[in-house]
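Under this note's numbering, think of the first position of the sequence shown as 2, with each following residue one higher. Below is one structure, written out as C-alpha cells; the observations come after it.
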Amino acid sequence: MVSALAAVLARWLRWRGRGSRRSARPRDPLAVYDSFGALDRQGQVPAGDDVPYTACFGDARVGLSAATVRGRRHRAAGVRCEDAHRCVVLRDGQVLIAVSDGVGSSRCADIGARLSTMAAIDYLMNACELDVEPPLEGALSAARRRLESYAQGRCILLEDLACTLLLAVFRGGRLYTARIGDGGIVIARGGEWSVATAPARASRYVTPLTTADWRARWDHGRFEEVEGVCVFTDGLERAYLYARDGEHEVVEHVHAAAADSDTPEHGMQALCDELLGPTFEGLSDDDKTLVVLWRSAG
C-alpha cells in the first residue's frame with residue numbers, strides 16, 4: 002500500500018512539475034480577439050452568429066485591426082459565416098494571427114474554421130519563444146489534431162470540417178508565415194507592398210487542412226523589416242491580388258483605409274465600412290476576413 006501511494010505521489014509531482022514549467026513561460030496575453038464565441042461544453046458553436054465580428058488594438062509597438070463578415074450569399078441563405086480569425090498580442094511583443102475559411106462544400110465548415118484557429122493560436126501561445134523561429138508546422142499539426150478529435154468524438158467525417166488555415170507571427174519587424182489552402186498574405190516593406198504568400202490551388206480545387214497529405218502542401222516564409230501585414234481569406238482575393246504571367250501581384254490597395262487612420266478604432270471602422278461596402282460585395286459574395294497589422298510610429 003505504501004509503495005502504491007508513493008508511486009501515485011511521484012506521478013502527481015511529475016505532473017505538477019510539468020504544469021509549473023508550462024505556466025512559468027511568459028505567455029500572458031495583452032489582448033485576445035477572435036471572430037467567434039467560446040464553444041460550449043459539448044463543443045458546439047453557440048447560437049447568435051451576428052456579423053461583423055471586429056476587433057482593434059494599438060500600443061506603442063503595433064496597431065491591429067481585424068474583421069470577419071458574412072458574405073451576401075450566406076446572408077441570403079441564412080447560413081452561418083464560415084470564416085474565422087483569432088489574433089493574440091503577447092506582452093513580450095509578439096503578435097499571433099490565425100485566419101481560416103471553411104470549405105463551402107463541407108457540412109461543418111464553420112466549426113472547422115473556428116476550431117483550427119483556436120487550436121493553432123493556443124499552440125503558438127505556449128510554444129513561441131523570442132529567440133527561435135515559431136513552430137508553425139507544429140501549430141498546423143495541432144489544428145489538424147483538433148479537427149480529428151472533434152470528428153471522432155461526434156462520429157462525423159474529417160472532411161466535414163474541411164478548412165484552410167493562414168498563420169502569421171509578427172515580432173517587431175520580422176514576420177513568419179504559414180499557409181495551407183487559399184487566401185493570402187501581403188506585406189509592406191520600404192513603403193512598397195508585395196505578396197508574401199499567394200493562394201494555392203490545383204485547378205479549381207482548394208487544398209484544405211483535412212487533406213491526407215497536407216504536410217506536403219503547406220508553405221511558409223520569413224520576412225525582415227516588415228512595416229505592415231494584411232492577412233485575408235479568398236473572399237478578398239480579387240480585391241488584393243491579380244495574376245500576371247502566372248505570378249500574383251498586389252492591387253493598390255485596400256489596406257489604406259485602416260492602416261492610415263489616426264487611431265486603431267477609426268481604422269477598424271474604416272475597415273468594416275470597406276468590407277461591407279458595395280465595392281467588395283461586387284467582387285465576391287463569399288464571406289470575408291481581413292486582419293491588418295502595422296508597426297506603430299516610433
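Using N, Cα and C, we set each Cβ at its ideal position, and we do this for glycine too.
Measuring alpha carbon to alpha carbon, tell me which residue in R146, L237 and V170 is nearest W295.
With distances taken between CA atoms, W295 lies nearest to V170 out of R146, L237 and V170.
Per DSSP, G222 forms a beta bridge with which residues?
Answer by DSSP bridge pairing, in chain order: T178.
Thinking just about the alpha-carbon of each residue, which of Q153, I98 and L242 is nearest to the one in L176?
The shortest C-alpha separation from L176 is found at I98.
Just tell me which of V90, R74 and I157 has its CA closest to the CA of R108.
Minimum Cα distance to R108 is reached at I157.
Within 8 angstroms, do at least three Cβ pairs link the segment 63 to 79 to the segment 177 to 190?
Result no; under three Cβ-Cβ pairs closer than 8 angstroms.
Inter-residue spacing [alpha-carbon to alpha-carbon] between A114 and A68:
Rounded to whole angstroms, A114 and A68 show a C-alpha spacing of 15 angstroms.
Based on the DSSP output, what are the partners of R87 in its beta bridges?
Bridge pairing for R87: D35 and A99 [DSSP].
Taking a contact to mean a Cβ-Cβ separation below 8 angstroms, would you say V227 touches G174 in this structure?
Result yes, Cβ atoms of V227 and G174 sit closer than 8 angstroms.
With a threshold of 16 other CB atoms inside 10 Å of the CB of P209, please say whether the residue is buried or exposed.
With 16 or more Cβ atoms within 10 Å of its Cβ, P209 is classed as buried.
Below 8 angstroms between beta carbons: does that hold for A163 and A143?
No.
With a cut-off of 8 angstroms on the beta carbons, I'd call H249 and V196 a contact; round off their distance for me.
Their Cβ separation, rounded to whole angstroms, is 5 angstroms, which keeps H249 and V196 in contact under 8 angstroms.
Assign P279 to buried or exposed, taking buried as 16 or more other Cβ atoms, counted over all protein chains shown, within 10 Å of its Cβ.
In this structure P279 is exposed. Its beta-carbon is surrounded by fewer than 16 other beta-carbon atoms within 10 angstroms.
Buried versus exposed call for L137 [16 or more other C-beta atoms within 10 Å across all chains shown]:
So L137 ends up on the buried side.
Using only the alpha-carbon positions, how far apart do R190 and R73 sit?
When rounded, the distance between both Cα atoms is 34 angstroms.
Considering only C-alpha positions, which residue in the set E134, E149, E275 and S262 is nearest to L291?
Answer by Cα proximity: E275.
If I'm right that D93 touches L131 with Cβ under 8 angstroms, what's the distance once you round it to whole angstroms?
About 6 angstroms; that satisfies the 8 angstroms criterion.
Considering only residues of the same chain and omitting the five flanking positions on each side of D286, which have a CB-CB separation below 6 angstroms?
Shown here for D286: same chain residues with a beta carbon closer than 6 angstroms to its own, the five before and five after excluded, namely G72, R73 and R74 in chain order.
Give a yes or no on whether the C-beta atoms belonging to G185 and A199 are separated by under 8 angstroms.
Closer than 8 angstroms, so yes.
Pick from G154, Y151 and C88: whose alpha carbon is nearest that of V232?
When each option's Cα is compared against that of V232, the closest is C88.
Hey, how far is the Cα of A39 from the Cα of D60?
Bear in mind that the predicted position of A39 carries a pLDDT of just 42, short of 50, making it unreliable; the figure below should be weighed with that in mind. The straight-line gap from Cα to Cα measures roughly 26 angstroms.
How many angstroms separate the CA atom of G283 from the CA atom of D235?
Cα to Cα, G283 sits roughly 14 angstroms from D235.
DSSP on L141, reduced to helix/strand/coil?
Residue state, collapsed to three classes: helix.
In angstroms, rounded to a whole number, what distance separates the CA positions of S101 and L167?
A direct Cα-to-Cα measurement between S101 and L167 gives close to 6 angstroms.
When the distance is taken between beta carbons, is V96 closer than 8 angstroms to V70?
No. Outside cutoff.
So, under 8 angstroms CB-CB, L159 and L141 are touching, yes? Tell me the CB distance rounded to an integer number of Å.
About 15 angstroms separates the beta carbons of L159 and L141, which is beyond the 8 angstroms limit, so they are not a contact pair.
Pick helix, strand or coil for T118, following the three-state DSSP scheme.
Helix.
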